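Residue numbers (our numbering), protein chains in the order written: chain A, 11 to 370; chain B, 11 to 370.
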DNA sequence: TTGTATGCGTTATCAA
DNA sequence: TTGATAACGCATACAA
């Protein structure tokens, strides 16, 4: 059967410029033709270089260089049935907490020689679903995701397709997939116990919306701490926000600081550092001294917490380690056929700084 | 020729669970068999639903649902030769400036119904190259990149492969590709002129390494401003850092504030906001009042600049717009065959805040 | 050691 | 409207 060779090397003689941009990209076929070997040999040079003699290999490699050959990953993957990329679907790429987690994921991916694609769901359910769908279609090796809601059915859909999934910074009771999270209830307790130790009796909790898992957990830990100390007559004032951003923190600060001094809490525990930074900013704007008039505890211990002009006391999560461990679980699941899902839970720790320094 | 049908629907009868995770994922072929139609019809349902009768379409769609059919993007792309994903190779995913740019890219990608993958080169040349290689192999539609060095030859390599490339936040004189950047020389000038206007005569420039394009440009603008004002006897003290991070800012602050008060600059222009925040933190730690004893100007106007306890004067770049425009150029290049490379340059503006408020 | 043939899942062309 | 078939580029099993 006469095969029509729509050659590439034929009309493009200039060795300086691999190939005119317009024409078809050269494939193994073209390389084979240029090197005067067969297609299979080129493939061997690429995948089992040891099985081809040095001189032949050299010729083939030179041909690849001349032609500017680039492997077609689609074809490769179609053939192989598997891919070597993983993805992390982040909840909010502008929150330093998640970029730090991503760094940890990247560490692990690097070691395993995988490439990592970051996707930002930006707290939008439609976007999250859209990314997961695309990732499924791309047949990536696995997906790490910090979901908006770990109970969303489309997460299960991904799992049902046989795609390895690890949920990061959230967890679910039913073990349909691995997860790596931090004990937020305990973190909330840590924060409030710290404030109680400092003698605060009226403490505000700032964060929201309450539907967010982390917020609920941290609040519940905070409540538990207050309850335990109830003999001291401590109380918790909840100020709910619409989101976990600096702007929302400012906003909440406005409300909090607007309260009559008599009833105003003397300390605030913010559900994350962004909110805490916003609150801090509002304090400065309104001339409220921190920590003298208002002590502040944040959560996450992002780099900007320590860098705030009044360094922020915060509950530290092992962000990078979170990512690393999640990636490790993913790789394990992807390689081990009879893998058992695991729920890894880290323990946070309190980092005390100036924003809660004992006055005097 | 007898075709062996390794059926999928055959052994998996439970309608509740699409397919056992172990077996091959169902393809169009399986859907066709299940729906009792031919392969081409399934394809039509997917790509030209109008060319298939309603009842048939319904049957096919039901079969897809039952089997849990997911398109194989690799095969699609192999066949089509093109992809509908773009990527943004970021210089530093932990720097809010770049995540904001990424948001802008995402805006545009969303509109065009493309998916965006974020890659973080993390300032490492090997990683940048590795990502670009993979992206090339994946035959993505195009690549946005903030390169470590826009003169690196591997960037040209990507362009030579016919891959649409838009350089973000850097530029090169030769127009081998599009670029979207901000006039950093002007930005540097803005910052320093502001300080000169406030009466400062001894100004520090903090940033580095000097090899980074932005640093060099901002410094040169700063120098020009000082030179213009030389009649006033102003001078510029350069404090070079190893990077553009908060930690480096603190570090530089230590050095700067260690100078004898007499010779110490009364104002500092930092090459970015992270460095400025570090400096600010150091000032607070050492009890140096801002702006009374040291005025500070940052660069980028990231959200944390305004949120700093002493709100930071900064040179604002249209971060999101930068990303949007870059993505738009990329799409244009990808679709328009006789596209002309463009160098878009935005103009930054100064946002004055408390960190340079005139004392008194 | 090198060459040949086949199929991965999809889409498009063309014939029915 | 629907069905059969040929690519897309690569990797592998197998033959030479």
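Even for Gly, the Cβ is constructed at its ideal location relative to N, Cα and C.
Note that the structure is predicted; figures quoted are calculated from it, not measured.
Distance cutoff 7 Å, beta carbons only. Does residue i sit that close to anything in chain B?
i                      : result
residue 265 of chain A : no
residue 131 of chain A : no
residue 139 of chain A : no
residue 314 of chain A : yes
residue 31 of chain A  : Caution is warranted here: a pLDDT of 45 is assigned to residue 31 of chain A, below 50, making its placement in the model unreliable, and the coordinate value is therefore given only provisionally. Yes, residue 31 of chain A lies at the interface with chain B (some Cβ there is under 7 Å from its Cβ).
residue 7 of chain A   : Chain A is shown from 11 up to 370; residue 7 of chain A falls before or after that span and cannot be answered.
residue 292 of chain A : no
residue 256 of chain A : yes
residue 144 of chain A : yes
residue 109 of chain A : yes
residue 365 of chain A : no
residue 96 of chain A  : no
residue 125 of chain A : yes
residue 246 of chain A : no
residue 206 of chain A : no
residue 352 of chain A : no
residue 147 of chain A : yes
residue 128 of chain A : yes
Sort the options by Cα distance to residue i and report the nearest one.
i                      : options                    : result
residue 124 of chain A : A:270, A:115, A:227        : A:115
residue 367 of chain A : A:76, A:182, A:306         : A:306
residue 364 of chain B : B:330, B:290, B:341        : B:290
residue 281 of chain A : A:53, A:199, A:60          : A:199
residue 288 of chain A : A:265, A:302, A:270        : A:265
residue 162 of chain B : B:172, B:147, B:142        : B:142
residue 263 of chain B : B:229, B:358, B:205, B:217 : B:217
residue 106 of chain B : B:284, B:359, B:233        : B:284
residue 187 of chain B : B:359, B:356, B:347, B:340 : B:340
residue 102 of chain B : B:83, B:121, B:128, B:231  : B:128
residue 215 of chain A : A:221, A:222, A:233        : A:233
residue 75 of chain B  : B:132, B:41, B:270         : B:41
residue 145 of chain B : A:297, A:243, A:95         : A:95
residue 85 of chain B  : B:132, B:243, B:300, B:53  : B:53
residue 356 of chain A : A:334, A:346, A:349        : A:334
residue 160 of chain B : B:221, B:238, B:269, B:60  : B:221
residue 294 of chain B : B:316, B:267, B:338, B:273 : B:267
residue 180 of chain A : A:173, A:165, A:172        : A:165
residue 273 of chain B : B:351, B:348, B:245, B:296 : B:245
Spell out whether any CB of chain A is found under 7 Å from the CB atom of residue i.
i                      : result
residue 85 of chain B  : yes
residue 88 of chain B  : yes
residue 345 of chain B : no
residue 320 of chain B : yes
residue 81 of chain B  : yes
residue 361 of chain B : no
residue 317 of chain B : yes
Considering only their Cβ atoms, is the gap separating residue j from residue i smaller than 7 Å?
i                      : j                      : result
residue 277 of chain A : residue 210 of chain A : yes
residue 286 of chain B : residue 332 of chain B : no
residue 77 of chain B  : residue 44 of chain B  : yes
residue 190 of chain B : residue 325 of chain B : no
residue 4 of chain A   : residue 70 of chain A  : No information on residue 4 of chain A is available, as it lies outside the stretch 11 to 370 that chain A covers here.
residue 194 of chain A : residue 228 of chain A : yes
residue 336 of chain A : residue 152 of chain A : no
residue 184 of chain A : residue 175 of chain A : no
residue 93 of chain A  : residue 177 of chain A : no
residue 235 of chain B : residue 203 of chain B : yes
residue 247 of chain A : residue 275 of chain A : yes
residue 197 of chain A : residue 358 of chain A : yes
residue 387 of chain A : residue 81 of chain B  : Any question about residue 387 of chain A goes unanswered here, given that chain A covers just 11 to 370.
residue 279 of chain B : residue 201 of chain B : yes
residue 349 of chain B : residue 342 of chain B : yes
>> Using 8 Å as the cut-off, can you tell me whether the segment 305-315 of chain A makes contact with the segment 80-95 of chain A, which would need three or more C-beta pairs spanning the two stretches below that distance?
In response: no
>> Runs of 4 residues minimum, wholly inside the segment 306-333 of chain B: which ones carry the alpha helix (DSSP H) assignment?
In response: 313-317
>> Contact between the segment 131-138 of chain B and the segment 193-212 of chain B is defined here as three or more beta-carbon pairs at a separation below 8 Å; is this criterion met?
In response: no
>> I want to know whether the segment 326-343 of chain B touches the segment 106-113 of chain B - three or more CB-CB distances under 8 Å.
In response: yes
> If you scan the segment 131-187 of chain B from start to end, which runs of the beta strand (DSSP E) of 3 or more residues do you find wholly inside it?
Replying inline: 152-155, 175-178
>> My parser needs the beta strand (DSSP E) runs of 3 or more residues fully inside the segment 229-276 of chain B; what are they?
In response: 245-250
>> At 4 residues or longer, what runs of the alpha helix (DSSP H) sit wholly inside the segment 80-126 of chain A?
In response: 83-90, 106-121
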